[in-house]
Each structure stands twice: as structure tokens, then as C-alpha cells.
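Peer 1: This is the structure I want to talk about, given as C-alpha cells.
Number of protein chains: 2
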Amino acid sequence: MRPLNPQDITRSVLASLADTPDERLREIMGSLVRHLHAFAQDVKLSEAEWFAGIDFLTRCGHITDEKRQEFILLSDTLGLSMLTVALNQDKPAGCTEATVFGPFHVEDAPHVERGGDVAQGAKGTPCWVRGRVLGLKGEPVAGAKLDVWQSDEEGLYDVQRPGLGRAQARGVVQTDDQGRFDFRSIVAVPYAIPHDGPVGQMLQATGRHPWRPAHLHFMVQAPGYETLITHVFRADSDYLESDAVFGVRPSLVCDWLEQDDGSFLLEFDFVLNATPPA
Amino acid sequence: MRPLNPQDITRSVLASLADTPDERLREIMGSLVRHLHAFAQDVKLSEAEWFAGIDFLTRCGHITDEKRQEFILLSDTLGLSMLTVALNQDKPAGCTEATVFGPFHVEDAPHVERGGDVAQGAKGTPCWVRGRVLGLKGEPVAGAKLDVWQSDEEGLYDVQRPGLGRAQARGVVQTDDQGRFDFRSIVAVPYAIPHDGPVGQMLQATGRHPWRPAHLHFMVQAPGYETLITHVFRADSDYLESDAVFGVRPSLVCDWLEQDDGSFLLEFDFVLNATPPA
Chain A
1 MRPLNPQDIT RSVLASLADT PDERLREIMG SLVRHLHAFA QDVKLSEAEW
51 FAGIDFLTRC GHITDEKRQE FILLSDTLGL SMLTVALNQD KPAGCTEATV
101 FGPFHVEDAP HVERGGDVAQ GAKGTPCWVR GRVLGLKGEP VAGAKLDVWQ
151 SDEEGLYDVQ RPGLGRAQAR GVVQTDDQGR FDFRSIVAVP YAIPHDGPVG
201 QMLQATGRHP WRPAHLHFMV QAPGYETLIT HVFRADSDYL ESDAVFGVRP
251 SLVCDWLEQD DGSFLLEFDF VLNATPPA
Chain S
1 MRPLNPQDIT RSVLASLADT PDERLREIMG SLVRHLHAFA QDVKLSEAEW
51 FAGIDFLTRC GHITDEKRQE FILLSDTLGL SMLTVALNQD KPAGCTEATV
101 FGPFHVEDAP HVERGGDVAQ GAKGTPCWVR GRVLGLKGEP VAGAKLDVWQ
151 SDEEGLYDVQ RPGLGRAQAR GVVQTDDQGR FDFRSIVAVP YAIPHDGPVG
201 QMLQATGRHP WRPAHLHFMV QAPGYETLIT HVFRADSDYL ESDAVFGVRP
251 SLVCDWLEQD DGSFLLEFDF VLNATPPA
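Line by line, the protein sequences are chains A and S. Residues 1 to 278 (the numbering used here) make up the first sequence, in order. Residues 1 to 278 (the numbering used here) make up the second sequence, in order.
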């Protein structure tokens, strides 16, 4: 009689996946099983710990709804989201780096004219934002579409304010013939990711805080170029060294300059990678 | 400017966990992050694949309720449950092997007297079940409590029949002074695990079936001995080589013998491991 053998179990599971019709799915499932089993073996997972994991995932599932996505928060706080971004960046040096998308983007945000107001009543210190969208050779990208979104001075996005019912501190702007964009918004501040659920308990149990450094989100799209999803961070913000979701890249940190009238000015150029010829 | 580097991201996440007060949690979280990141790197996970994973977990969470536990099904079908059982078996040779607990156990099942009927109206071919509970030196274990549960001839457990409202094919029996138990039930048949949710989709996409070979569940408890959670499988059952949850151990497969009157007889002895002296 052969006793229970961990290696045999892993082999059986891998063998059961051998007939997966889709080659890529077979590769992903095989790697997932190998790493999942290696994790359990490495730590000699106890049955009580296994159940704690089942219970944690169950609670993540039950708190997730149309407005709250605990599994994305979990991925973010375990660095998996940022790692996935990094694994999919094969751009030449000189292109603007990408960072995490985050859970607060909204499709079809309102268009804002050149020089117009993105804040739309969101509270905060006024901030002018301008710059250019360029290609790798320095060519201006005309008609690029920039989705911009951010939290207000209380650290909340519009979608986190039940009953608001309209866009604030979020909009879509376009570049002119010289690749320039220019809009008014408010100064971003650090904020805590939602931490009243299982992910917040994980952060607390591991001695971590839920804070993100101050940043402005951008998604930049233009025909002939790869879409860029990124942030611009404030150089004087707290938490640049301990972002709860590991999204900070040094190249994305920038001085937001205070002006004589107390407003701020942020200038930043985005460099896009051309899509390969078809 | 340093580009996005996967290794740097993994290092940052591990560093963020370094102050976890509980040493065991620190070990588990560190190993989890290393294996999770290694998985993503090995397969060069795309952003669309990452999102498919988030969506899969979300759907598992939303189908899970008090009667349906999709995360346990996922763990079972990826072999993690059986691996966890194996990792926690340090018993001497000669002890009965353990296998997966499964989702269908119920606390406080009805007590059934020696020779009594566990089926309680569940449909199936009658089956007598008898045997002994022994210690490793062959000593009989008197007063051992055996929880037994199984599906009926349609492959359903009582808890899967809405409106039934009482126990069927489930009960608690005890051993006598000689360590013997003896009860009547029905012949177990193969059944499919719940496969109308995300786990069922995973099985289908990987070319797997959802079937389990015919088996009877036991949980055996006695003072002075480690609790044993196991199955006894039918030697002539289909799916012994392809159990959807990887629970079959050769030592747990047994002939269920047909009698002259058409009923069956299953005889099986359980050997428990003594708990270490305090």
C-alpha cells in the first residue's frame, strides 16, 4: 500500500489537464496548478489555514458588487496587478511608463474643451494641467484622446459618493495640432483604498497601511499608437515609498508647482509607442 | 530612468510584508506572493487573461451561498484539497488513509442503533455495512463514533433535495465493546459534482468530466485517537481512475459484494492513529 504522496497528487492533476483543447489555457492551468501546489507544500498548509483561505475568498466574493471589486483590490495589494502591467510592457526606452488601471475609471466621461474645467465642482485647490502627447521621435500626436480621473480633496472619487449622480474630477480632453492639451482640475491628495473588507483585514494583519500617494490618472489613446494607462504622481506626496498597490515608478513622479495665486500647475508630456505596421 | 522590472515589484511586495507580526502569517504570505508572481511571470500573463481570472473568482464568489461552496469545489478540482489532506497525514503505515471531506457533511446527523437503517427512505439497492474500528496494535476501539453520509441512487445527497427537510442516507453509529459497527444503507453510485457554475466551465474548458466514483463517506472519532475523515470506494465503480476531485487512494477501494437476495454487503475495518500523550 502506497501512502498519500503530494507529488503523485500534483502529477494526477497535471495529467487531468493534458487534453485541454486550447494550448494557451493548458499552459496557464498547468503553471497555476504547479505553483498552487508548490505553495501549499512549501508552507505545509494546515487544514485550518486552508479553510481560512476558502473563507477569505468567499468574503471577497460576497463584498464584490457593481461598485466594489475586492478581487481587483486583492490583486493590487499583492502586487499582481502591477506585475501584470510590467509583464506586458515591451516598449522602447523613452516611452512613458504604464502603471495600474485601478477600479475607478468610468467609460464615456464628459468631454472637456481645451482650457476647460474637469473638476465640475469637486472640492480642492485649483490645479492647471498641461503638456503634450508625443511619439518616440518627438513628433506631436494631434487629436489624441486623454481620459483623466482623480479623487477630490477628501480622497474620494465621484463614483464613491452615492447620490452624486454625475461626473466630477473626471473627463476626456483632446490634443490640438501641436499635440498640446490643457485643462483645469484640482490638486490630488493621498487617499486610502477601500479597507473595510477582507483586503483591509489582510493589510492590517500584515502591518501595512491602505494609502496611495497623490496622483492623477491618465489613459491616452491615439490612432497608430499603443494605448497608455498611467498616473502622474506628486513629488511632495506622502506614501511615494509605500504605495499600497505598488504603482509608483520614478519616471512618473513630477513637481506640481504652486503659483502666486495659490493654484498649482502640473506640466507633463506623454510619449507613446507606435503600433507595429499591420 | 529604470524601466518596469518584474523582480523589483516582487521584492517590493515581499518587503511590505516584512513587518507582519505573526510569524506564520508572514511565512504564508511571503510564499503566496512568490508563487503567485512566479506563476504570472512563467506564463507572461496578459492583461486580458488577468481580467478573466478576476471575473472567474468574482463569479465563484457570487454563486457561493450557505448551500453551495464554489471555492471548495475549485480547490477540490485543482487537487488542492487532497494535497492539503496529504500534507497533514503523518500517520504510521497501517493506519487507514484519509481523503477529502467534501461539502456535504452535516453536523448532528441522527443517531442510528446497531443494525439500524441509515437510508431512512433514500432510494437505492439495500446495502449492509459492517466492520471494526481498531488501533494500530489491533486493539478494538469501543464507543467510537462514525459519521456516515452518501448520495442516493440518483447521485444526490439529502441536502441537495430542496424541501426534503430531514436526513436521508446519513447518520451517526457507534462501535460496541469489540469495536464493531453494523448498519443498513443503500448502494452508493457515481455522481457528478455541481457543474453548472464557473468550476463546471473550467472542467469543460479543460476537457474534464465532473464525475466521482461511488463511495461512502466516514468520519471516525474516538477519545485517544486522531479523527479520521475518509471514504470507502466501490471496486467496480466507474471513474476510479479519473475522480474529479482526486480523492481515490488504492487502500480505500473495496469489493461491495452482492448477496443472494440482491442486497449488497460492504465490510471494512478502520485503523486509527493514537493521539500523542499530552
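A virtual CB, placed ideally from N, CA and C, is assigned to each residue, including glycine. Given the structure is predicted, the values throughout are model-derived calculations rather than measurements.
(1) Take Ser46 of chain A and list the residues in its own chain whose beta-carbon comes closer than 6 Å to its own, dropping the five residues that flank it on each side.
(2) Helix, strand or coil for His209 of chain A, going by three-state DSSP, please let me know.
(3) Under 8 Å by Cβ, that's how I've got Phe233 of chain A and Val248 of chain A pegged, so tell me the actual separation to the nearest angstrom.
(4) Relative to the C-alpha of Thr206 of chain A, which candidate in S:Gln7, S:Lys145, S:Ile9 and S:Leu14 has its C-alpha closest?
(5) Where do the N-terminal and C-terminal ends of the beta strand (DSSP E) with Ile186 of chain S fall, by residue?
(6) Along the region 35–51 of chain S, where does the CB come closer than 8 Å to a CB of chain A? Name the residues.
(7) Assign Ala235 of chain A to one of two classes, buried (16 or more other C-beta atoms within 10 Å of its C-beta) or exposed (fewer than that).
(8) Take Leu265 of chain A as the anchor and find which of A:Pro126, A:Ile9 and A:Leu57 has the nearest alpha-carbon.
(9) For Glu27 of chain S, go through chain A and note every residue whose CB falls closer than 8 Å to its CB, in chain order.
(10) Could you check whether the Cβ of Asp76 of chain S sits closer than 8 Å to any Cβ belonging to chain A?
(11) Assuming Val189 of chain S and Glu241 of chain S make a contact with CB atoms under 8 Å, what is their CB distance in whole Å?
(12) Considering only C-alpha positions, which residue in the set S:Ala142, S:Met202 and S:Gln89 is nearest to Asp177 of chain S?
(13) Are the Cβ atoms of Ser185 of chain A and Ala119 of chain A separated by less than 8 Å?
(14) Do we get a CB-CB distance below 8 Å when we pair Val13 of chain A with the residues of chain S?
(15) Cβ closer than 7 Å: which chain B residues qualify as neighbours of Cys254 of chain A?
(16) Got a sec: is the Cβ-Cβ distance from Asp235 of chain S to anything in chain A below 8 Å?
(17) Less than 6 Å between C-beta atoms, sequence neighbours within five positions excluded: which residues of the same chain meet that for Pro110 of chain A?
(18) Identify each residue in the region 191–220 of chain S for which the Cβ-Cβ distance to at least one residue of chain A is less than 7 Å, and report them in chain order.
(19) Could you tell me whether any Cβ in chain S is nearer than 8 Å to the Cβ of Asp19 of chain A?
(20) Thinking just about the alpha-carbon of each residue, which of S:Leu164, S:Phe71, S:Leu146 and S:Leu36 is nearest to the one in Pro194 of chain S?
(21) When DSSP labels each residue in this structure, what does Val289 of chain A get in the three-state scheme?
(22) Between Leu164 of chain A and the rest of its own chain, which residues show a CB-CB distance below 6 Å, the 5 nearest in sequence each way excluded?
(23) So, with DSSP's three-state summary, where would you put Gln221 of chain S?
(24) Here's a check: name, in chain order, each residue in its chain whose Cβ is nearer than 6 Å to the Cβ of Gly197 of chain A, leaving out the five neighbours to either side.
(25) Check whether the Cβ atoms of Thr96 of chain A and Leu257 of chain A lie closer than 8 Å to each other.
(26) Please list, in chain order, the residues of the region 156–171 of chain S that have any C-beta partner in chain A closer than 8 Å.
(27) Within the continuous alpha helix (DSSP H) that includes Phe71 of chain S, where are the two ends?
(28) Taking the C-alpha atoms as reference points, what is the distance between Phe218 of chain A and Ser237 of chain A?
(29) Beta-carbon within less than 6 Å of Gly115 of chain A's beta-carbon, same chain only, minus the 5 sequence neighbours each way: which residues are those?
(30) Tell me, please, whether the CB atom of Pro6 of chain A is closer than 8 Å to any CB atom in chain S?
(31) Hey, out of A:Tyr191, A:His105, A:Pro223 and A:Leu252, whose CA is closest to Ala214 of chain A's CA?
(32) Please go through the same chain and pick out, in chain order, the residues whose beta-carbon is closer than 7 Å to the beta-carbon of Met1 of chain A, but skip the five residues on each side of it.
(33) In the DSSP assignment, find the unbroken beta strand (DSSP E) run with Val43 of chain S in it and report its ends.
(34) Show which residues of chain A have a CB atom less than 7 Å away from the CB atom of Glu246 of chain S.
(35) Rounding to the nearest angstrom, what Cα-Cα distance links Pro6 of chain S and Phe101 of chain S in this structure?
Peer 2: According to the data block:
(1) Excluding positions up to five away in sequence, the list is empty.
(2) Residue state, collapsed to three classes: coil.
(3) Going by Cβ atoms, the distance from Phe233 of chain A to Val248 of chain A rounds to 6 Å, so yes, they are a contact pair.
(4) Taking only the C-alpha atoms, the option nearest Thr206 of chain A is S:Leu14.
(5) Boundaries of the beta strand (DSSP E) harbouring Ile186 of chain S: Arg180 to Ile186, taken from the DSSP string.
(6) Using a CB distance below 8 Å, the part of the region 35–51 of chain S facing chain A consists of His35, Leu36, His37, Ala38, Phe39, Ala40, Gln41, Asp42, Val43, Lys44, Leu45, Ser46, Glu47, Glu49 and Trp50, ordered along the chain.
(7) When all chains shown are included, Ala235 of chain A counts as exposed.
(8) Among A:Pro126, A:Ile9 and A:Leu57, the Cα nearest to that of Leu265 of chain A is on A:Pro126.
(9) Going along chain A in sequence order, the residues near Glu27 of chain S (Cβ under 8 Å) are Val43.
(10) Judged by the 8 Å Cβ criterion, Asp76 of chain S is not in contact with chain A.
(11) The Cβ separation is near 17 Å, so there is no contact.
(12) It is S:Ala142 whose Cα lies nearest to the Cα of Asp177 of chain S.
(13) Yes, they are a contact pair.
(14) Contacts with chain S at 8 Å (Cβ-Cβ) include Val13 of chain A.
(15) You won't find chain B in this structure, because its protein chains are A and S.
(16) According to the sequence displayed, residue 235 of chain S carries Ala and not Asp. With a threshold of 8 Å between beta carbons, Ala235 of chain S makes no contact with chain A.
(17) Cβ within range, chain order: Ala167 and Gly171.
(18) Answer set for the region 191–220 of chain S: Ala205, Thr206, Gly207 and Arg208.
(19) Cβ-Cβ to chain S under 8 Å: yes for Asp19 of chain A.
(20) The shortest C-alpha separation from Pro194 of chain S is found at S:Phe71.
(21) Since the first residue shown for chain A is 1 and the last is 278, residue 289 of chain A is missing from the structure and cannot be characterised.
(22) So the qualifying residues of the chain are Asp158.
(23) Strand, per DSSP.
(24) Around Gly197 of chain A: Ile63 and Glu70.
(25) Note that the C-beta distance between Thr96 of chain A and Leu257 of chain A is not below 8 Å.
(26) Residues passing the 8 Å Cβ filter: none.
(27) Its alpha helix (DSSP H) spans residues Glu70 to Thr77.
(28) Spanning the two alpha carbons is a distance of roughly 18 Å.
(29) In chain order, Asp182 place their CB closer than 6 Å to the CB of Gly115 of chain A, counting only its own chain and leaving out the 5 sequence neighbours on each side.
(30) Output row for Pro6 of chain A: interface = yes.
(31) Measuring C-alpha to C-alpha distances from Ala214 of chain A to each of A:Tyr191, A:His105, A:Pro223 and A:Leu252 identifies A:Tyr191 as the nearest.
(32) Bear in mind that the predicted position of Met1 of chain A carries a pLDDT of just 40, short of 50, making it unreliable; the figure below should be weighed with that in mind. Contacts found: none.
(33) No beta strand (DSSP E) holds Val43 of chain S; the alpha helix (DSSP H) holding it covers Glu23 to Val43.
(34) The sequence shown places Phe at residue 246 of chain S, not Glu. Per Cβ cutoff of 7 Å: Ile9, Ser12 and Val13.
(35) Those two C-alpha atoms are separated by around 39 Å.
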